[in-house]
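Note that the working numbering has the first sequence beginning at 228, numbered continuously upward. For reference, the structure is listed below as structure tokens.
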Amino acid sequence: MPELPEVEITRLGVESRFVEKCLTNIEIRQPMLRWPIPEAVKQVEGLRLESAQRRSKYLLLNFSAGTVMIHLGMSGALRIVPATSAWQKHEHIQWSFGDLAMRLHDPRRFGSVDFLVAGTEHARHPRLSHLGVEPFSEAFTAEHLFKCSRGRKVSVKAFLLQGHAVVGVGNIYASESLFRAGIRPGRSASRLSRADCAKLAEVIKAVLREAVEAGGSSLRDFSGIDGELGHFQNQTFVYDRQGLDCRVCKTSVRRIVQNQRSSFYCPECQKK
DNA sequence: CAACCGCCCTGGGAGC
DNA sequence: TGCTCCCAGGGCGGTT
């Protein structure tokens, strides 16, 4: 399930392989993903990939004519393949850089491919304009989290997932961060103290950084562009561990459902 | 605006 | 063995 660390792993892979290379061909096999892939993505054919950026969970591939914006949804991954190799099931689009190509593999097709014409600021794109701050940026502080959570009656878990305050924290890393901060997922965001926010900001950065170092989480579908699996899922404290002993205090980990989504927590370690 | 819910999609697992 | 049902969940759109 691609969250920020998985997208970052993918970005690093694309950057190391294809930046400065010429995108020789684009082939769309399944134009209908989350939204239809716009014809305009073809405009970058024949151009050099200038840089690979990430904003939230979006991968931004910059060319002189514009930016290709890729979202991996919840089952997407980019794969490196020889440009002429046979299409595999669930591979929807191919970007060839000479003999080597990159394909989007996404069984559930919750991912998307969009195009931003050059000259439009990334931040002004409707999908990007309402996003919160990047967790690794200087703007992500305890005070920022505190301010954003004022008046927010939603649970702190839902608050983190919304991405209005900070982006990139999905279901796995929200549960893990709240565990490390000792905060129950069901607690109202509005009731977080300054100290809670300080702790939460600190552990979110740590969890995400550790996940990037672990190559991300490969629970079901995710792998890096060379097929390498992440191993963060083996070191989670609570995520997907309902009924198992808490790694810290041996209490049984609980699973609850919030906003139709699973949350995991230790009732002993998370009392706040 | 906030809160909430339904929907998109497929594979995998449980239960019968 | 195969069927049916349910679940995984990010993000958007509609409603209250």
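Positions of the beta carbon are idealized from the N, C-alpha and C atoms, including for glycine.
Taking 3 residues as the minimum length, the beta strand (DSSP E) runs contained wholly in the region 312-372 are 318-324, 327-332, 339-344, in order along the chain. When only Cα atoms are considered, Gly378 and Lys284 end up about 26 Å apart. Arg306 is positioned such that its CB atom lies no closer than 7 Å to that of Arg238. Counting C-beta atoms within 10 angstroms of its own C-beta, Pro353 has fewer than 16 neighbours from the protein chains shown and is therefore classed as exposed. Separation of His357 and Gly390 (C-alpha to C-alpha, rounded to the nearest whole angstrom) is 9 Å. Taking the Cα positions, Val241 is about 13 Å away from Cys249. In the structure shown, Pro263 adopts extended strand secondary structure according to DSSP, grouped into three states. Take Cys375, set aside five residues on each side of it, and the residues of its chain with a beta-carbon closer than 6 Å to its own are Ala392, in chain order. Between Ile399 and Tyr492, the gap from beta carbon to beta carbon reaches 7 Å or more.
The count of Cβ pairs closer than 8 Å, one atom from the region 441-450 and one from the region 423-432, stays below three, leaving the stretches out of contact. Here DSSP, grouped into helix, strand and coil, assigns Asn461 to helix.
Inter-residue distance for Arg421 and Lys498 is about 17 Å (C-alpha atoms, whole angstroms). Nearest Cα to Ala267 within the set Glu247, Ala345, Ser404: Ala345. Taking C-beta separations shorter than 6 Å and ignoring five residues to either side along the sequence, the partners of Glu495 in its chain run Cys476, Thr478, following chain order. Your pair Leu276 and Val246 checks out as a contact, with CB atoms roughly 5 Å apart and the cut at 8 Å. Between Met301 and Phe337, the C-beta gap is smaller than 7 Å, which places the two residues in contact.
For Phe491, the uninterrupted beta strand (DSSP E) run begins and ends at 488-492, by DSSP. For Val234, the uninterrupted alpha helix (DSSP H) run begins and ends at 231-245, by DSSP. Listed in chain order, the alpha helix (DSSP H) elements of length 4 or more contained wholly in the region 382-435 are 383-389, 398-408. Close CB contacts of Phe449 within its chain, under the 7 Å cut and outside five residues either way in sequence, are with Met228, Pro229, Glu233, Ala304, Gly443, Gly457 (chain order). If you look at Thr294, you'll find it in the beta strand (DSSP E) that goes 293-298.
Under DSSP, Ala279 takes part in a beta bridge, and its partners are Leu288. Ser339 sits buried, since 16 or more C-beta atoms from the chains shown fall within 10 Å of its C-beta. Gly451 is positioned such that its CB atom lies no closer than 7 Å to that of Leu231.
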